[in-house]
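When we follow this note's numbering, the leftmost residue of the sequence shown carries the number 3, and every step to the right adds one. Just so it is clear, CB atoms sit at the ideal spot from N, CA and C, and this is done for glycine as well. Reading through the structure tokens given below for one structure.
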Amino acid sequence: MKVAIGSGKGGTGKTLLSTSLALSLEYVRYLDLDVEEPNGHIFIKPDIREKIPFSIPVPEIDFNRCTYCGECAKACEFGAIFVGTNTVNVFEKLCHGCASCKLACPENAISERPYVVGEISIGRRDKIEYIMGYLKLTEALSTPLIRYIKKEYGMVSGDIIMDAPPGTSCPFVQSISDTDFVILITEPTPFGLSDLEISVEIVRDMKLKAGIVINRADLGSEEVKEKIKGLGLPVLLEIPFSKDIAVGYSKGIPLVDVLPEYREKMKKLWERIREMV
């Protein structure tokens with residue numbers, strides 16, 4: 003079963019929940035897809051055995067063949083190529099690696115070279131297989147890295163937990179696609195509700211099964227909480243606001259170690275999701 007955990011905004015407890023689930027289950031694969039700022043390793047503490055550079059193909063111009071016709075620049079939807087009178091500039095940070103420029107070149111003057119944008123770390127803790135994507139600083143394109151991790155490490159049988167990026171943009175959509183279930187974690191505040199409504203709309207448009215977990219459930223207003231419950235998705239779990247949880251989190255201590263009774267709650271949450279799938 004593949005379950006993605008997302009949130010409309012950062013700081014709602016996405017990693018708190020995903021790591022707690024992983025630490026409570028038997029034989030699970032954990033994919034940290036929050037590649038711009040992965041932090042699942044802080045709580046799972048895996049033994050990292052391997053680090054693999056991740057690159058995308060970017061164009062390389064053969065100036066002996068290039069006639070500066072500009073067809074490559076016209077084909078690029080992302081503005082990654084500029085063609086001047088007698089020069090061609092490639093902006094690697096804008097390139098999506100789609101090869102449209104290569105296909106459009108009438109002189110066959112474009113080949114491809116690898117451009118490293120990130121890294122994949124592979125490790126283990128007990129019965130947890132841990133795979134983490136990391137996007138290099140100054141790089142902006144996280145979606146290709148997320149897509150690759152899901153293709154290479156998310157197509158196996160068994161239970162898979164995916165910690166999706168915060169927000170509701172392309173990286174989030176890529177992370178939750180082709181999953182069996184999406185957990186949307188939120189908080190009972192106006193900002194939490196607003197972002198949750200967008201997330202709910204996305205999972206419905208993608209026809210994905212989903213449920214809601216409310217973190218810091220007793221911190222916001224009851225009015226907002228009732229609106230959350232009125233969105234039409236089941237509320238699977240409520241986690242109270244707790245100083246102990248917050249202090250533990252700041253020290254890299256997972257929820258299920260701060261409050262051991264939550265191990266059983268996490269197991270029941272997983273079984274309920276399995277029944278819904």
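Its chain contains SER22, LEU257, VAL258 as the residues whose beta carbon lies nearer than 7 angstroms to that of TYR264, once the 5 sequence neighbours on both sides are disregarded; these appear in chain order. A direct Cα-to-Cα measurement between ASN41 and PHE183 gives close to 22 angstroms. Beta-bridge partners assigned by DSSP to TYR136: GLU121. Judged by DSSP secondary structure, TYR155 falls outside any beta strand (DSSP E) and instead within the alpha helix (DSSP H) spanning 145-155. ILE200 and LEU210 have their C-alpha atoms spaced approximately 14 angstroms apart.
The continuous beta strand (DSSP E) containing LEU239 extends over residues 237-241. Look at the segment 169-205 and you find these whole runs of beta strand (DSSP E), each 3 residues long or longer: 183-188.
Burial is judged here by how many other beta carbons sit within 10 angstroms of a residue's own beta carbon; LEU139 has fewer than 16 and is exposed. For GLY250, the enclosing alpha helix (DSSP H) stretches over residues 245-252.
Between ASP161 and MET268, the C-beta gap is not smaller than 7 angstroms, which leaves the two residues out of contact. Secondary structure at ILE7: strand, using DSSP grouped into helix, strand and coil. Per DSSP, GLY42 is one residue of the alpha helix (DSSP H) stretching across 42-46. Here ILE46 is near ARG127, since their CB atoms are less than 7 angstroms apart. For the set GLY234, PRO192, ALA248, MET164, the Cα lying nearest the Cα of VAL5 is the one of MET164.
Here ILE7 is actually not in contact with SER26; their C-beta atoms are around 14 angstroms apart, not less than 8 angstroms. Burial check for GLU225: the Cβ neighbour count within 10 Å stays below 16, so the residue is exposed. In this structure, the straight-line span from the alpha carbon of ILE63 to that of TYR70 is close to 10 angstroms.
Shown here for SER177: same chain residues with a beta carbon closer than 8 angstroms to its own, the five before and five after excluded, namely ALA6, GLY8, LEU35, ILE148, LYS152, MET164, ALA166, PRO167 in chain order. Within a 10 Å sphere around the beta-carbon of PRO242 sit fewer than 16 other beta-carbons, which makes this residue exposed. In this structure, the alpha-carbon of GLY222 lies about 7 angstroms from that of GLU189.
Within the segment 210-236, the runs of alpha helix (DSSP H) that reach at least 4 residues and sit entirely inside it are, in chain order, 224-231. Minimum Cα-Cα distance from VAL119 among the listed residues SER57, GLU39, SER252 corresponds to SER57. For secondary structure counted as the beta strand (DSSP E) over 3 or more consecutive residues, the segment 24-90 holds these complete runs in sequence order: 30-34, 49-63, 83-85. As a beta-bridge residue in DSSP terms, SER113 pairs with GLU62. ASN217 and ALA24 have their C-alpha atoms some 18 angstroms from each other. Here VAL237 has GLY213, ILE214, VAL215, ILE216, ILE230, LYS231 as same chain residues with Cβ atoms under 8 angstroms from its own Cβ, once five neighbours each way along the sequence are excluded.
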